[in-house]
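2 protein chains.
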Amino acid sequence: MKRTPVAWDSTALLNAGELLTLIARGNAKTRSDLIEATRLSRMTMSQRLSALMGAGLVEETPQTLPSGGRPTRQLRLSPAAGHLLVANIGETHLHLAATDLTASVLAERTIPFDIGNGPDVVLGMISEGFTALAALLPPGTGPLFGIGLSLPTPVDFAAGVVVGPSVLYGWDGFEIRTRLGARYGVPVYVENDVNLMTIFEHRHNYADVDDMIFIKVGTGIGSGIVSNGRILRGAKGAAGDIGHIGIKSKHPPLCRCGKFGCLEALAGGWALARDLTTAGLPATTARDVIELFNRQTPLALMLLRQAGRNVGEVVCELVSVLNPAMIVVGGTISQAGDTLLDGVRELVYQRCLPLATSDLKIVVSKAHEDTAILGAALLVLDSIFDMSEIDGVLNRVALEASTLATQEI
Amino acid sequence: MKRTPVAWDSTALLNAGELLTLIARGNAKTRSDLIEATRLSRMTMSQRLSALMGAGLVEETPQTLPSGGRPTRQLRLSPAAGHLLVANIGETHLHLAATDLTASVLAERTIPFDIGNGPDVVLGMISEGFTALAALLPPGTGPLFGIGLSLPTPVDFAAGVVVGPSVLYGWDGFEIRTRLGARYGVPVYVENDVNLMTIFEHRHNYADVDDMIFIKVGTGIGSGIVSNGRILRGAKGAAGDIGHIGIKSKHPPLCRCGKFGCLEALAGGWALARDLTTAGLPATTARDVIELFNRQTPLALMLLRQAGRNVGEVVCELVSVLNPAMIVVGGTISQAGDTLLDGVRELVYQRCLPLATSDLKIVVSKAHEDTAILGAALLVLDSIFDMSEIDGVLNRVALEASTLATQEI
DNA sequence: AATCTTTTGACTAGTATTAGACAAAAGATA
DNA sequence: TATCTTTTGTCTAATACTAGTCAAAAGATT
Numbered sequence: 001m002k003r004t005p006v007a008w009d010s011t012a013l014l015n016a017g018e019l020l021t022l023i024a025r026g027n028a029k030t031r032s033d034l035i036e037a038t039r040l041s042r043m044t045m046s047q048r049l050s051a052l053m054g055a056g057l058v059e060e061t062p063q064t065l066p067s068g069g070r071p072t073r074q075l076r077l078s079p080a081a082g083h084l085l086v087a088n089i090g091e092t093h094l095h096l097a098a099t100d101l102t103a104s105v106l107a108e109r110t111i112p113f114d115i116g117n118g119p120d121v122v123l124g125m126i127s128e129g130f131t132a133l134a135a136l137l138p139p140g141t142g143p144l145f146g147i148g149l150s151l152p153t154p155v156d157f158a159a160g161v162v163v164g165p166s167v168l169y170g171w172d173g174f175e176i177r178t179r180l181g182a183r184y185g186v187p188v189y190v191e192n193d194v195n196l197m198t199i200f201e202h203r204h205n206y207a208d209v210d211d212m213i214f215i216k217v218g219t220g221i222g223s224g225i226v227s228n229g230r231i232l233r234g235a236k237g238a239a240g241d242i243g244h245i246g247i248k249s250k251h252p253p254l255c256r257c258g259k260f261g262c263l264e265a266l267a268g269g270w271a272l273a274r275d276l277t278t279a280g281l282p283a284t285t286a287r288d289v290i291e292l293f294n295r296q297t298p299l300a301l302m303l304l305r306q307a308g309r310n311v312g313e314v315v316c317e318l319v320s321v322l323n324p325a326m327i328v329v330g331g332t333i334s335q336a337g338d339t340l341l342d343g344v345r346e347l348v349y350q351r352c353l354p355l356a357t358s359d360l361k362i363v364v365s366k367a368h369e370d371t372a373i374l375g376a377a378l379l380v381l382d383s384i385f386d387m388s389e390i391d392g393v394l395n396r397v398a399l400e401a402s403t404l405a406t407q408e409i
Numbered sequence: 001m002k003r004t005p006v007a008w009d010s011t012a013l014l015n016a017g018e019l020l021t022l023i024a025r026g027n028a029k030t031r032s033d034l035i036e037a038t039r040l041s042r043m044t045m046s047q048r049l050s051a052l053m054g055a056g057l058v059e060e061t062p063q064t065l066p067s068g069g070r071p072t073r074q075l076r077l078s079p080a081a082g083h084l085l086v087a088n089i090g091e092t093h094l095h096l097a098a099t100d101l102t103a104s105v106l107a108e109r110t111i112p113f114d115i116g117n118g119p120d121v122v123l124g125m126i127s128e129g130f131t132a133l134a135a136l137l138p139p140g141t142g143p144l145f146g147i148g149l150s151l152p153t154p155v156d157f158a159a160g161v162v163v164g165p166s167v168l169y170g171w172d173g174f175e176i177r178t179r180l181g182a183r184y185g186v187p188v189y190v191e192n193d194v195n196l197m198t199i200f201e202h203r204h205n206y207a208d209v210d211d212m213i214f215i216k217v218g219t220g221i222g223s224g225i226v227s228n229g230r231i232l233r234g235a236k237g238a239a240g241d242i243g244h245i246g247i248k249s250k251h252p253p254l255c256r257c258g259k260f261g262c263l264e265a266l267a268g269g270w271a272l273a274r275d276l277t278t279a280g281l282p283a284t285t286a287r288d289v290i291e292l293f294n295r296q297t298p299l300a301l302m303l304l305r306q307a308g309r310n311v312g313e314v315v316c317e318l319v320s321v322l323n324p325a326m327i328v329v330g331g332t333i334s335q336a337g338d339t340l341l342d343g344v345r346e347l348v349y350q351r352c353l354p355l356a357t358s359d360l361k362i363v364v365s366k367a368h369e370d371t372a373i374l375g376a377a378l379l380v381l382d383s384i385f386d387m388s389e390i391d392g393v394l395n396r397v398a399l400e401a402s403t404l405a406t407q408e409i
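Heads up: the sequence lines are chains V and L, in that order.
If you read the first sequence in the UniProt record's numbering, its first letter stands for residue 1, the second for the next number, and so on.
If you read the second sequence in the UniProt record's numbering, its first letter stands for residue 1, the second for the next number, and so on.
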């Protein structure tokens with residue numbers, strides 16, 4: 001079985017990494033953008049671009065940009081040129097999805113499971129699930145480009161390893177990337193769920209904001225920080241862990257971390273449920289709390305307003321330290337909307353310096369459902385279409401194309 | 001006066017920006033490093049490198065690295081290939097310096113002045129001072145490569161404009177970069193003094209730490225944040241402003257910002273001097289406080305220990321939010337050493353989660369004197385030897401060399 | 001002193017890229 | 001419909017870059 005030359009210039013394709021990165025990242029939408037960004041001659045750019053288009057990685061959009069003369073054609077990554085497999089490992093459910101290269105879900109599946117089974121069993125279930133999803137892909141979908149995993153625990157992103165003594169027994173130090181990477185032969189990225197929700201919120205709704213903070217108020221409380229347009233992870237991937245910052249209160253309640261007076265123990269979903277139950281309104285989950293709020297239960301309203309002020313205490317400090325342009329509050333409890341946010345705003349505008357608050361926006365997340373899994377897809381795309389990884393992608397595509405060409409003979 | 005070809009290949013020089021960046025930033029010290037980093041062929045690299053060496057920008061160090069065979073020659077930026085002019089605008093003194101390209105001071109000068117004179121007068125004094133310094137440069141020093149200014153107020157770094165309503169009356173919105181850039185025709189960078197101290201501390205002492213926080217405890221209290229190896233500035237350059245975070249205390253003292261209970265009002269140099277004076281030990285400056293500490297005055301010791309705990313309250317939150325690998329405490333009051341730091345450590349290890357504290361180092365700055373001005377030089381170097389600016393530098397050098405060549409004829 | 005090892009420079013033929021010019025394409029405008 | 005404007009593709013000669021080879025350089029090793 002001998003190799004034959006393929007239709008498009010394979011050298012040009014292999015050199016087109018930079019173009020692909022610019023297009024995939026949204027940094028360049030037109031041919032002129034590409035020339036300006038790469039400082040390549042029009043000839044070379046054109047050649048490489050047609051290689052990318054020939055390989056099915058890039059396509060022109062139907063719409064053009066008006067320019068006074070001949071309209072400018074817009075370029076984009078072909079959504080179907082490849083696919084991703086992503087999973088959100090929750091505490092009770094496993095959420096799996098296959099997406100295209102615009103992070104749109106092609107197929108998905110939710111499996112109830114027990115995270116206590118440990119990484120071996122869970123990763124086995126994920127592999128099985130991925131295989132099932134891959135079978136559901138529409139015909140013509142390109143090869144697997146990468147895998148993303150979301151976990152409810154701090155993660156050393158660079159290494160793809162769970163860190164920390166965490167709630168997840170048996171996962172500490174488990175080398176997820178190594179394990180899945182060996183099985184699938186594509187890049188594997190592992191990240192904490194709050195950071196992934198942050199990535200989704202940032203890329204999907206506020207892509208032009210370079211400094212923002214996403215605050216998740218769900219059962220627990222956590223945050224994700226975008227600084228200079230990038231996720232801030234810190235030395236060990238533990239950045240943004242605001243749930244256990246101490247808040248002044250008259251009778252500091254015991255937190256599940258063992259300390260007293262943590263933010264989470266005052267304003268987290270589990271704490272609100274606890275307080276409602278104590279007052280004779282049975283509630284166990286954050287969803288129950290919002291249910292009572294929706295029924296306008298006075299105590300729930302009161303507790304949520306107070307929770308807003310407690311969250312606000314910490315947000316004040318985040319604003320002073322990080323000087324964000326925007327704060328987005330998400331998570332189940334954020335469904336209380338302004339009832340929660342008014343307390344946050346009250347504290348922030350009262351306590352922070354005007355320079356930091358004058359153009360600060362504090363809003364509720366527009367997102368619902370499970371955005372961590374979409375964040376995982378966006379993260380994989382961002383990481384794959386990147387200078388250091390892009391050559392691997394192109395090599396795989398070129399290889400696939402050339403073997404296809406030989407098979408046809 | 002016609003142009004004549006110069007000794008070295010001018011095309012190669014103009015294309016050598018990437019090499020120069022790598023060498024200047026310390027990312028590549030040998031020829032092999034350069035080949036690996038640029039993926040250029042040895043031929044091209046060699047050609048461009050000799051252009052850089054011919055232009056006097058890069059030189060080989062006397063020492064070589066042992067390699068088993070022929071020793072590897074080390075490369076570095078020629079310190080004397082150019083010079084920088086930097087200034088620290090303090091509240092009572094103007095500190096000016098000329099440095100070489102390793103940020104070593106070649107000449108310096110301190111001028112007492114009143115910042116109340118406003119930006120016009122002050123920038124005029126700086127220009128005069130720079131002219132005087134330039135006359136003191138050793139013969140053979142290369143041209144001016146850039147200018148750096150340090151200011152005791154928040155700055156919009158990207159624009160080179162003072163922001164704020166700040167203590168500096170008349171400076172708000174003043175376009176320093178535009179003003180000085182027009183006069184000197186080189187890049188001008190303006191930055192807040194605490195950020196510059198942070199840059200110095202980071203680059204000079206802990207260059208391999210990607211996530212660190214520098215805390216300045218002087219008359220006031222501020223901080224600089226290094227995240228992913230870069231200074232975190234926030235949306236408006238106000239990040240790290242921790243002096244006015246509220247601290248719980250029984251009788252919250254009035255702060256100079258108008259609020260009660262700010263960190264600065266409890267633990268800043270001015271607050272400690274106030275408390276010592278009240279107790280009958282006259283002190284006005286942070287230096288006076290340290291003077292009393294050095295004499296082992298019991299009240300000073302007690303106040304400094306308490307100040308450490310107050311600073312520790314805020315550091316706890318910084319650690320939870322940013323997960324740094326290292327915290328460096330500087331500023332005049334940090335001369336109290338462990339008397340101050342023990343309080344910080346006590347709070348941090350007691351309140352933060354183990355994942356964030358297990359490998360965290362909390363140390364006193366090794367630096368003394370005015371490090372902001374050195375930070376300014378490092379910032380200018382970092383900014384100049386950067387993909388977006390480097391071509392300007394090379395053009396200026398090439399132009400200068402070619403005019404020199406024509407004059408010789 | 002002879003040998004080894006690795007760095008470094010230089011040569012070649014072949015390949016990739018560039019600048020600049022020309023023409024075709026395609027919607028806007030008159 | 002004819003003209004205008006800007007985008008896009010293609011051509012060519014000149015230039016830049018590459019891989020691969022050979023040889024010289026310079027300290028380490030024997």
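For glycine and all other residues, C-beta sits at the position ideal for the given N, C-alpha and C.
Values in this document were obtained by computation on a predicted structure and should not be read as measured data.
Look at the beta carbons and you see the region 346-359 of chain L not touching the region 205-223 of chain L: under three pairs across the two are nearer than 8 Å.
Interface criterion not met: the Cβ of Asp100 (chain V) is under 9 Å from no Cβ in chain L. For Lys236 (chain V), at least one C-beta of chain L is nearer than 9 Å to its own C-beta.
When the alpha-carbon of Asp210 (chain V) is set against those of L:Gly234, L:Ser227, L:Gly229, the nearest one is in L:Gly234. For Leu196 (chain L), the closest C-alpha among the options L:Gly331, L:Glu264, L:Leu34, L:Ile290 is that of L:Gly331. Legend: CB atoms of the region 241-261 of chain L lying less than 8 Å from CB atoms of chain V belong to residues Asp241, Ile242, His244, Ile245, Gly246, Lys248, Cys257, Lys259. When 7 Å is used as the limit between beta carbons, Glu317 (chain L) is near these residues of chain V: Ile245, Glu317, in chain order.
When L:Val163, L:Arg76, L:Leu399 are compared, the shortest CA-CA separation from Ala24 (chain L) is found for L:Arg76. Residues of the region 145-159 of chain V with a Cβ closer than 8 Å to any Cβ of chain L, in chain order: Pro154. Only Ser223, Ile225, Ser227, Asn228, Arg230, Leu232, Arg233 from the region 218-233 of chain V bring a Cβ to less than 9 Å from some Cβ of chain L.
In the DSSP assignment, Phe214 (chain V) falls outside any alpha helix (DSSP H) and within the unbroken beta strand (DSSP E) covering 212-217. With respect to chain V, the C-beta atom of Asn205 (chain L) has no partner C-beta closer than 9 Å. In the structure shown, the three-state DSSP call for Tyr206 (chain L) is coil.
Per DSSP, the unbroken alpha helix (DSSP H) holding Pro119 (chain V) starts and ends at 119-135. The region 86-106 of chain L makes contact with the region 142-160 of chain L, as at least three CB pairs between them are under 8 Å. Cβ proximity to chain V below 9 Å picks out nothing from the region 15-47 of chain L. Excluding its 5 nearest sequence neighbours in each direction, Asp342 (chain V) has C-beta neighbours in its own chain below 8 Å: Arg305, Gly308, listed in chain order. Interface residue (Cβ-Cβ distance to chain V less than 9 Å): Ala398 (chain L) is not classified as such. DSSP lists L:Ile215 as the bridge partner or partners of Ser223 (chain L).
The alpha carbon of Ser388 (chain V) has as its nearest neighbour, out of V:Leu20, V:Thr11, V:Ser10, V:Ala12, the alpha carbon of V:Leu20.
Taking 7 Å as the upper bound on Cβ-Cβ separation, chain V lies near residues Val321, Leu322, Asn323, Pro324, Ala325 of the region 321-337 of chain L. Taking 9 Å as the cut-off between beta carbons, the residues of the region 353-385 of chain V near chain L are Leu353, Pro354, Leu355, Ala356, Ser358, Asp359, Leu360, in sequence order.
Between Ser227 (chain L) and Ser383 (chain V), the beta carbon gap of about 19 Å keeps them out of contact (Cβ cut-off 8 Å). Nearest neighbour of Ala98 (chain V) by Cα position, chosen from V:Phe385, V:Gly258, V:Gly375, turns out to be V:Gly375.
With three or more CB-CB distances shorter than 8 Å, the region 114-133 of chain V counts as touching the region 174-189 of chain V.
Annotation for Gln335 (chain L): no alpha helix (DSSP H) segment contains it, and DSSP assigns it neither H nor E. Closer than 9 Å to the CB of Ala239 (chain L) there is at least one CB belonging to chain V.
Identification of chain L residues near Arg345 (chain V) by a Cβ-Cβ cut-off of 8 Å yields none; the smallest Cβ-Cβ distance measures about 17 Å. DSSP places Arg233 (chain L) outside both helix and strand once states are collapsed to three, so it counts as coil. Put simply, of L:Ala336, L:Val311, L:Ala283 the residue whose alpha carbon is nearest the alpha carbon of Lys248 (chain L) is L:Val311. In the structure shown, the three-state DSSP call for Tyr184 (chain V) is helix.
For Ser150 (chain L), the uninterrupted beta strand (DSSP E) segment begins and ends at 144-151. In chain order, Gly234, Ala235 make up the part of chain V whose C-beta sits under 7 Å from the C-beta of Asp211 (chain L). Put simply, the CB of Arg351 (chain V) is near chain L, with a gap under 9 Å to one of its CB atoms.
Taking a 10 Å sphere around the C-beta of Arg70 (chain L), we find fewer than 16 other C-beta atoms and assign the residue as exposed. Using a Cβ-Cβ distance cut-off of 8 Å, the region 121-132 of chain L and the region 99-112 of chain L are in contact, since at least three pairs of beta carbons, one from each stretch, lie closer than that value.
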